[in-house]
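Trainee:
There are 2 protein chains.
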Amino acid sequence: MGAPKGPGLLRGLLGVMALRAGEHSQAAMNGPKEKVLTLDTMNPCVKRVEYAVRGPIVLRALELEQELRQGVKKPFTEVIRANIGDAQAMGQRPITFLRQVLALCVHPDLLSSPDFPEDAKRRAKSILQACGGHSLGAYSISSGVQPIREDVARYIQRRDGGIPADPNNIFLSTGASDAIVTVLKLLVSGEGRTRTGVLIPIPQYPLYSAALAELAAVQVDYYLDEERAWALDVAELRRALLQARDHCRPRALCVINPGNPTGQVQTRECIEAVIRFAFEERLFLMADEVYQDNVYAEGSQFHSFKKVLMEMGPPYATQQELASFHSVSKGYMGECGFRGGYVEVVNMDAAVQQQMQKLMSVRLCPPLPGQVVLNMVVSPPAPSDPSFTQFQAERQAVLAELAAKAKLTEQVFNEAPGIRCNPVQGAMYSFPRIQLPPRAVQRAQELGLAPDMFFCMSLLEETGICVVPGSGFGQREGTYHFRMTILPSMEKLRPLLEKLSQFHAKFTREYS
Amino acid sequence: MGAPKGPGLLRGLLGVMALRAGEHSQAAMNGPKEKVLTLDTMNPCVKRVEYAVRGPIVLRALELEQELRQGVKKPFTEVIRANIGDAQAMGQRPITFLRQVLALCVHPDLLSSPDFPEDAKRRAKSILQACGGHSLGAYSISSGVQPIREDVARYIQRRDGGIPADPNNIFLSTGASDAIVTVLKLLVSGEGRTRTGVLIPIPQYPLYSAALAELAAVQVDYYLDEERAWALDVAELRRALLQARDHCRPRALCVINPGNPTGQVQTRECIEAVIRFAFEERLFLMADEVYQDNVYAEGSQFHSFKKVLMEMGPPYATQQELASFHSVSKGYMGECGFRGGYVEVVNMDAAVQQQMQKLMSVRLCPPLPGQVVLNMVVSPPAPSDPSFTQFQAERQAVLAELAAKAKLTEQVFNEAPGIRCNPVQGAMYSFPRIQLPPRAVQRAQELGLAPDMFFCMSLLEETGICVVPGSGFGQREGTYHFRMTILPSMEKLRPLLEKLSQFHAKFTREYS
Numbered sequence: 013m014g015a016p017k018g019p020g021l022l023r024g025l026l027g028v029m030a031l032r033a034g035e036h037s038q039a040a041m042n043g044p045k046e047k048v049l050t051l052d053t054m055n056p057c058v059k060r061v062e063y064a065v066r067g068p069i070v071l072r073a074l075e076l077e078q079e080l081r082q083g084v085k086k087p088f089t090e091v092i093r094a095n096i097g098d099a100q101a102m103g104q105r106p107i108t109f110l111r112q113v114l115a116l117c118v119h120p121d122l123l124s125s126p127d128f129p130e131d132a133k134r135r136a137k138s139i140l141q142a143c144g145g146h147s148l149g150a151y152s153i154s155s156g157v158q159p160i161r162e163d164v165a166r167y168i169q170r171r172d173g174g175i176p177a178d179p180n181n182i183f184l185s186t187g188a189s190d191a192i193v194t195v196l197k198l199l200v201s202g203e204g205r206t207r208t209g210v211l212i213p214i215p216q217y218p219l220y221s222a223a224l225a226e227l228a229a230v231q232v233d234y235y236l237d238e239e240r241a242w243a244l245d246v247a248e249l250r251r252a253l254l255q256a257r258d259h260c261r262p263r264a265l266c267v268i269n270p271g272n273p274t275g276q277v278q279t280r281e282c283i284e285a286v287i288r289f290a291f292e293e294r295l296f297l298m299a300d301e302v303y304q305d306n307v308y309a310e311g312s313q314f315h316s317f318k319k320v321l322m323e324m325g326p327p328y329a330t331q332q333e334l335a336s337f338h339s340v341s342k343g344y345m346g347e348c349g350f351r352g353g354y355v356e357v358v359n360m361d362a363a364v365q366q367q368m369q370k371l372m373s374v375r376l377c378p379p380l381p382g383q384v385v386l387n388m389v390v391s392p393p394a395p396s397d398p399s400f401t402q403f404q405a406e407r408q409a410v411l412a413e414l415a416a417k418a419k420l421t422e423q424v425f426n427e428a429p430g431i432r433c434n435p436v437q438g439a440m441y442s443f444p445r446i447q448l449p450p451r452a453v454q455r456a457q458e459l460g461l462a463p464d465m466f467f468c469m470s471l472l473e474e475t476g477i478c479v480v481p482g483s484g485f486g487q488r489e490g491t492y493h494f495r496m497t498i499l500p501s502m503e504k505l506r507p508l509l510e511k512l513s514q515f516h517a518k519f520t521r522e523y524s
Numbered sequence: 013m014g015a016p017k018g019p020g021l022l023r024g025l026l027g028v029m030a031l032r033a034g035e036h037s038q039a040a041m042n043g044p045k046e047k048v049l050t051l052d053t054m055n056p057c058v059k060r061v062e063y064a065v066r067g068p069i070v071l072r073a074l075e076l077e078q079e080l081r082q083g084v085k086k087p088f089t090e091v092i093r094a095n096i097g098d099a100q101a102m103g104q105r106p107i108t109f110l111r112q113v114l115a116l117c118v119h120p121d122l123l124s125s126p127d128f129p130e131d132a133k134r135r136a137k138s139i140l141q142a143c144g145g146h147s148l149g150a151y152s153i154s155s156g157v158q159p160i161r162e163d164v165a166r167y168i169q170r171r172d173g174g175i176p177a178d179p180n181n182i183f184l185s186t187g188a189s190d191a192i193v194t195v196l197k198l199l200v201s202g203e204g205r206t207r208t209g210v211l212i213p214i215p216q217y218p219l220y221s222a223a224l225a226e227l228a229a230v231q232v233d234y235y236l237d238e239e240r241a242w243a244l245d246v247a248e249l250r251r252a253l254l255q256a257r258d259h260c261r262p263r264a265l266c267v268i269n270p271g272n273p274t275g276q277v278q279t280r281e282c283i284e285a286v287i288r289f290a291f292e293e294r295l296f297l298m299a300d301e302v303y304q305d306n307v308y309a310e311g312s313q314f315h316s317f318k319k320v321l322m323e324m325g326p327p328y329a330t331q332q333e334l335a336s337f338h339s340v341s342k343g344y345m346g347e348c349g350f351r352g353g354y355v356e357v358v359n360m361d362a363a364v365q366q367q368m369q370k371l372m373s374v375r376l377c378p379p380l381p382g383q384v385v386l387n388m389v390v391s392p393p394a395p396s397d398p399s400f401t402q403f404q405a406e407r408q409a410v411l412a413e414l415a416a417k418a419k420l421t422e423q424v425f426n427e428a429p430g431i432r433c434n435p436v437q438g439a440m441y442s443f444p445r446i447q448l449p450p451r452a453v454q455r456a457q458e459l460g461l462a463p464d465m466f467f468c469m470s471l472l473e474e475t476g477i478c479v480v481p482g483s484g485f486g487q488r489e490g491t492y493h494f495r496m497t498i499l500p501s502m503e504k505l506r507p508l509l510e511k512l513s514q515f516h517a518k519f520t521r522e523y524s
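One line per chain: the protein sequences are A and B, in this order. Residues in the first sequence are numbered consecutively from 13, following my numbering. Residues in the second sequence are numbered consecutively from 13, following my numbering.
1) Rounding to the nearest angstrom, what Cα-Cα distance links Phe519 of chain B and Val118 of chain A in this structure?
2) What are the residues of the stretch 207-232 of chain B that lie near chain A, defined by any Cβ-Cβ distance shorter than 9 Å?
3) When you compare each of B:Met440, B:Ile431, B:Pro435 and B:Ala405 to Leu448 of chain B by their alpha carbons, which one comes out closest?
4) Please list, in chain order, the residues of the stretch 272-302 of chain A that have any C-beta partner in chain B closer than 7 Å.
5) Report, in whole angstroms, the separation of the C-beta atoms of Ser339 of chain B and Val385 of chain B, which I expect to be a contact under 8 Å.
6) Decide if Arg455 of chain B is buried, meaning its Cβ has at least 16 other Cβ atoms within 10 Å, or exposed.
7) Is the shortest distance between the beta-carbon of Gln402 of chain B and the beta-carbons of chain A less than 8 Å?
8) Does the beta carbon of Phe350 of chain B sit closer than 8 Å to a beta carbon anywhere in chain A?
9) Considering only heavy atoms of the ligand SAM, does any lie closer than 7 Å to the CB of Arg250 of chain B?
10) Sorted by chain position, which residues of the same chain lie with C-beta nearer than 8 Å to Cys57 of chain A's C-beta, five sequence neighbours on each side aside?
11) Distance, Cα to Cα, Cys143 of chain A vs Gln82 of chain A?
12) Flag Ser147 of chain A as yes if its beta-carbon sits less than 8 Å from any beta-carbon of chain B, otherwise no.
13) Would you kindly work out how many angstroms separate the C-alpha atoms of Leu411 of chain B and Val390 of chain B, rounded to a whole number?
14) Determine contact between the stretch 411-420 of chain B and the stretch 300-319 of chain B, defined as no fewer than three beta-carbon pairs at a distance below 8 Å.
15) By Cβ distance, which residues of its chain are closer than 8 Å to Thr108 of chain B, with the 5 residues on each side in sequence left out?
16) What does a CB cutoff of less than 6 Å around Gly34 of chain A pick up in its chain, not counting 5 residues either side in sequence?
17) Name the chain B residues whose beta carbon is nearer than 9 Å to that of His338 of chain A?
18) Use the C-beta contact count for Val84 of chain B: other C-beta atoms within 10 angstroms, 16 or more gives buried, fewer gives exposed.
19) Can you tell me whether Met251 of chain B is buried or exposed? The criterion is at least 16 other CB atoms within 10 Å of its CB, across all chains shown.
20) Assign Arg445 of chain B to buried or exposed, taking buried as 16 or more other Cβ atoms, counted over all protein chains shown, within 10 Å of its Cβ.
21) I'd like to know whether the C-beta of Ile268 of chain A is nearer than 8 Å to at least one C-beta of chain B.
22) For Val480 of chain A, would you say it is in contact with chain B, using Cβ-to-Cβ distances shorter than 8 Å as the test?
23) Starting from Leu184 of chain B, trace the beta strand (DSSP E) in both directions and tell me its first and last residue.
24) To the nearest angstrom, report how far apart Asn359 of chain B and Ile192 of chain B are at their CA atoms.
25) So if I threshold CB-CB distances at 7 Å, which residues from the stretch 46-67 of chain A count as touching chain B?
26) Do Val374 of chain A and Ala222 of chain B have their CB atoms nearer than 8 Å?
27) Comparing alpha-carbon positions, which option in A:Ala264, A:Phe337, A:Ala177 and A:Tyr217 lies nearest Met297 of chain A?
28) Buried or exposed for Ser524 of chain A, going by 16 or more other Cβ atoms inside 10 Å?
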């Protein structure tokens with residue numbers, strides 16, 4: 013191939029740099045008056061925001077797709093977007109029951125159609141009954157339709173072996189991201205050395221770093237242990253906390269379980285240790301549990317922070333503050349486009365909870381279709397319902413295929429020299445470590461790029477495979493990774509993994 | 013009746029006070045350790061946020077509904093929520109074509125059903141074609157599905173008599189609120205006397221004050237002229253600006269047209285004057301035009317800021333920065349629950365626009381069903397389409413009824429002594445001025461309440477009518493108002509207006 017140095021790569025790289033440094037301000041070219049809003053005058057916190065999952069590499073992927081459509085010749089025929097956990101975009105079919113109920117809710121004339129099962133109709137009627145004007149077109153109350161919140165509470169109670177959940181502690185949201193940002197927003201205060209610090213895992217899902225940058229809070233990194241399958245180690249939490257106390261006031265600890273981008277599933281012991289640590293150090297716990305249905309590895313099991321917390325008894329169960337997040341975008345349903353989710357808060361100060369409700373009310377309400385999808389996720393058809401068998405079959409098929417793809421990914425990557433991949437125990441991503449030759453690192457540095465960004469951009473230009481560089485999630489200095497979803501269809505995934513491995517070998521030879 | 017002093021009123025009032033001052037913190041009652049997150053430690057900007065449209069009066073309305081359901085005896089049989097512009101909650105029926113296309117999009121099996129018109133099927137197919145995996149369950153790009161953005165651009169061009177709109181300048185959003193907050197977020201910078209100030213009308217829609225409080229930006233009030241039907245006066249803009257320059261750096265000017273809560277529709281001359289002012293004073297213009305389809309008064313006409321700006325020619329057309337907002341929640345469709353909207357930016361610095369795109373990408377994408385609704389709003393059936401006649405008839409029926417209700421509201425209120433109501437030229441609200449007797453004002457002050465909050469809370473307890481006090485929107489010192497929607501059905505509206513007028517008379521007698 014030759015190291016990819018074509019105009020495409022250059023354009024991609026220029027995009028990266030322009031977005032980062034903003035040298036391309038058009039201000040001077042637009043007439044006599046300077047704009048009111050320029051890179052120099054705009055919100056500096058927003059400028060610092062980075063979001064790799066949709067960053068320059070994805071913008072370049074979009075351009076490449078356009079070029080392919082226009083007939084430009086490329087060394088590949090399609091761009092494969094393995095950058096984002098978007099199951100249906102990769103061909104996964106929606107769960108039938110879910111879409112039936114949605115159709116009935118948005119167009120109630122269908123309630124008289126013989127083509128819909130009785131339980132879907134019953135469900136749609138009961139949802140509409142709880143909506144203003146019996147329509148999805150009305151606002152709901154800001155925390156979500158009341159019976160849906162109650163169904164969420166029952167779901168949590170079932171999930172957690174009977175430990176009760178209070179609907180008043182549940183707030184529906186516009187995807188999990190919305191709720192995460194809301195809780196972070198409540199936590200941020202102080203200036204300088206008293207500014208709120210928030211502990212987040214490294215590697216992390218970059219919503220966290222982006223939100224903290226926007227809120228001008230202090231990001232406190234704790235490193236997951238790659239050598240031990242991305243385990244979370246309390247000693248490392250303590251190190252991070254103590255160091256951070258020199259320059260900020262750490263007040264919250266975020267945990268992503270199952271891990272994104274790292275795919276580990278935490279043990280019960282680990283969760284207990286984290287809770288004890290948070291309690292002792294007076295940290296508000298944020299548990300990102302959006303992949304709670306995505307656990308594949310034998311011996312791995314999802315334990316919710318809420319359940320472990322409650323089972324630990326007082327003082328943890330009665331005092332430790334916790335917010336747990338869930339979403340309709342992941343799991344077996346993958347309904348990303350509907351933007352549904354919820355947060356459950358535990359042991360939150362009552363007055364703060366009122367403030368949270370007030371804050372959410374400013375945006376009126378989460379989208380009703382997302383609330384409807386959430387309702388089905390937390391309250392699927394029961395064994396006696398006509399839709400039960402099909403629902404279960406569809407659900408199992410998705411989860412079984414994901415499990416097979418998780419295993420395949422680990423296996424193929426680990427056969428490639430210079431790539432090492434931890435087991436994908438859960439979630440939807442592999443985060444393999446790659447070796448990059450010193451000359452590639454040097455070339456990247458000359459271009460002002462992170463070495464793995466250089467690798468991923470070259471991969472995209474050469475193969476059409478779009479993955480996200482590890483530098484977008486954070487990683488130990490001197491190590492390089494990328495995040496790739498396990499979502500491509502089974503037929504596509506194996507050749508994809510092999511193509512990627514071969515590209516890495518070629519890239520390594522090129523720069524050796 | 014006796015002045016309403018029952019336990020209900022007291023509970024309502026206590027709610028107001030607790031939410032405002034937060035004296036009811038439970039921290040001390042919850043065991044030995046103080047919570048991490050308390051009213052004292054939480055984000056002080058969030059504490060300052062107020063949002064009257066869903067404030068304590070609405071929480072009390074919810075309680076009252078619950079009490080009615082439980083059989084508690086009240087002087088009324090239902091709570092009438094005239095507090096929020098939520099047409100379908102008040103009984104307005106969804107537009108059929110819109111819901112047909114939505115049903116087809118969420119459940120494509122229906123594409124083979126004979127019960128849907130061909131144009132609805134064609135539309136659904138073309139939308140799905142543009143979605144990832146041909147499904148609403150996939151994320152779209154962050155600025156929205158590309159062909160929908162193109163349809164928005166064509167809509168704007170038609171609306172503005174052929175002045176072109178560029179799809180690249182259009183960003184779909186989660187309702188208009190989301191886009192408004194995003195643009196405000198870009199604008200906020202500086203500290204102390206260099207902190208960004210934003211001019212907003214008084215009375216205003218409280219999203220603005222809430223967002224500015226949350227962003228710690230400086231709210232700069234300019235007063236609309238109640239004596240001249242809430243006209244916007246450039247001399248008043250100038251006064252507000254000059255005064256504000258002492259303590260902040262004013263950088264943006266928000267205009268709501270048609271007005272919320274004030275219902276005025278601005279003349280073309282006024283808009284030109286505002287644009288000249290913004291240009292001379294170097295202010296970024298934000299035009300909240302979500303009621304652009306809601307214009308009722310004879311002689312009133314909606315003029316978009318974009319059109320006026322472009323027709324003014326250079327330097328305005330080529331340099332003045334503008335963001336214009338629209339929504340699917342209002343107009344004739346009232347699809348609030350779907351959370352759809354867009355912003356068009358004009359003359360925005362290219363690098364800033366990239367930053368805006370980046371910022372939006374962190375939240376992934378606006379909900380797809382809301383994008384679909386927006387598509388139909390900007391691209392309704394054409395005269396040759398099978399759904400055209402019904403669509404037009406439904407649209408006209410809604411708008412004609414709103415026009416009649418706007419007129420009726422003005423008329424009935426102006427017949428009542430002590431109530432004076434400007435014409436409801438557009439939007440969905442009346443904002444009548446009420447006289448309150450000095451003893452009522454005094455009693456309110458004793459309770460630590462705004463006098464019109466006291467009036468509205470009493471009204472709610474006595475009649476079940478839920479309206480929002482003028483103090484939640486801002487008003488000239490010493491004047492009192494409330495905002496009431498014109499959305500109740502025609503049969504309900506007249507008795508409602510009369511009941512409210514009678515209550516005001518009674519309240520006035522009570523406290524005289």
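By construction, the Cβ of each residue, glycine as well, lies at the ideal position given by its N, Cα and C atoms. Bear in mind that the values here come from a model prediction, so they are computed numbers and not experimental data.
Mentor: Reading off the structure:
1) Taking the first residue of the second sequence as position 1, residue 519 of chain B is located at position 507. Taking the first residue of the first sequence as position 1, residue 118 of chain A is located at position 106. Going by the C-alpha atoms only, they are around 44 Å apart.
2) Thr208, Pro218, Leu219, Ala222, Ala223, Glu226 and Leu227
3) For this step, residue 448 of chain B is matched to residue 436 along the second sequence. Looking from the CA of Leu448 of chain B, the closest CA among B:Met440, B:Ile431, B:Pro435 and B:Ala405 belongs to B:Ile431.
4) Arg294, Leu295 and Phe296
5) Numbered from its first residue, the second sequence carries residue 339 of chain B at position 327. Numbered from its first residue, the second sequence carries residue 385 of chain B at position 373. Incorrect: roughly 10 Å between the Cβ atoms, too far for contact.
6) Here residue 455 of chain B is taken as the residue at index 443 of the second sequence, counted from 1. By the 10 Å Cβ count, Arg455 of chain B comes out buried.
7) Position 390 of the second sequence, counted from the first residue, corresponds to residue 402 of chain B. Taking Cβ atoms only, chain A never reaches closer than 8 Å to Gln402 of chain B, which makes this a no.
8) As a working mapping, residue 350 of chain B is identified with position 338 in the second sequence. Yes, contact with chain A.
9) For the structure depicted, the ligand SAM is absent and the ligand set is empty, with no information on it obtainable.
10) Residue mapping note: residue 57 of chain A aligns to position 45 of the first sequence, counting from 1. Result list for Cys57 of chain A: Ala225, Glu226, Leu227 and Ala228, in chain order.
11) By one-based count along the first sequence, residue 143 of chain A stands at place 131. By one-based count along the first sequence, residue 82 of chain A stands at place 70. Rounded to the nearest angstrom, the two C-alpha atoms are 47 Å apart.
12) Mapped onto the first sequence, residue 147 of chain A falls at position 135. Closer than 8 Å to some Cβ of chain B, the Cβ of Ser147 of chain A qualifies, so yes.
13) As a working note, residue 411 of chain B is residue 399 in the second sequence. As a working note, residue 390 of chain B is residue 378 in the second sequence. Rounded to whole angstroms, Leu411 of chain B to Val390 of chain B spans 17 Å at the Cα level.
14) yes
15) In the second sequence, the residue the question calls residue 108 of chain B occupies position 96. Once the five neighbours on either side are set aside, the close Cβ partners of Thr108 of chain B are Ser399, Gln402, Phe403 and Glu406.
16) If you number the first sequence from 1, residue 34 of chain A lands on position 22. Here the model assigns Gly34 of chain A a pLDDT of 43, short of 50, so the residue's position is not dependable, and the following value carries that caveat. Around Gly34 of chain A: Leu51.
17) Mapped onto the first sequence, residue 338 of chain A falls at position 326. The premise fails here: His338 of chain A is roughly 16 Å from chain B at the closest Cβ pair, so nothing lies under 9 Å.
18) Stepping through the second sequence from its first residue, residue 84 of chain B is reached at position 72. Under this definition Val84 of chain B is an exposed residue.
19) What you label residue 251 of chain B is simply residue 239 of the second sequence in a count that begins at 1. Per the sequence presented here, residue 251 of chain B reads as Arg, with Met not at that position. Result: exposed.
20) In the second sequence, the residue the question calls residue 445 of chain B occupies position 433. Arg445 of chain B should be labelled buried.
21) For the purposes of this step, residue 268 of chain A is taken as the residue at position 256 of the first sequence. For Ile268 of chain A, the answer is no, since every Cβ of chain B falls outside 8 Å of its Cβ.
22) Within the first sequence, numbered from 1, the residue matching residue 480 of chain A stands at position 468. Using beta-carbon distances, Val480 of chain A does not count as an interface residue toward chain B, since no partner is under 8 Å.
23) On the second sequence, residue 184 of chain B is found 172 positions in, with the first residue counted as 1. Leu184 of chain B -> beta strand (DSSP E) spans Ile182 to Ser185.
24) Stepping through the second sequence from its first residue, residue 359 of chain B is reached at position 347. Stepping through the second sequence from its first residue, residue 192 of chain B is reached at position 180. Asn359 of chain B and Ile192 of chain B have their C-alpha atoms spaced approximately 17 Å apart.
25) Lys47, Val48, Leu49, Thr50, Leu51, Thr53, Met54, Asn55, Pro56, Val58, Lys59, Val61, Tyr63 and Arg66
26) Position 362 of the first sequence holds residue 374 of chain A. Position 210 of the second sequence holds residue 222 of chain B. The answer is yes: Cβ separation under 8 Å.
27) Mapped onto the first sequence, residue 297 of chain A falls at position 285. First, the residue type needs correcting, since residue 297 of chain A is Leu and not Met in the sequence shown. The shortest Cα separation from Leu297 of chain A among A:Ala264, A:Phe337, A:Ala177 and A:Tyr217 belongs to A:Ala264.
28) What you label residue 524 of chain A is simply residue 512 of the first sequence in a count that begins at 1. Counting Cβ neighbours within 10 Å, Ser524 of chain A comes out exposed, since fewer than 16 surround it.
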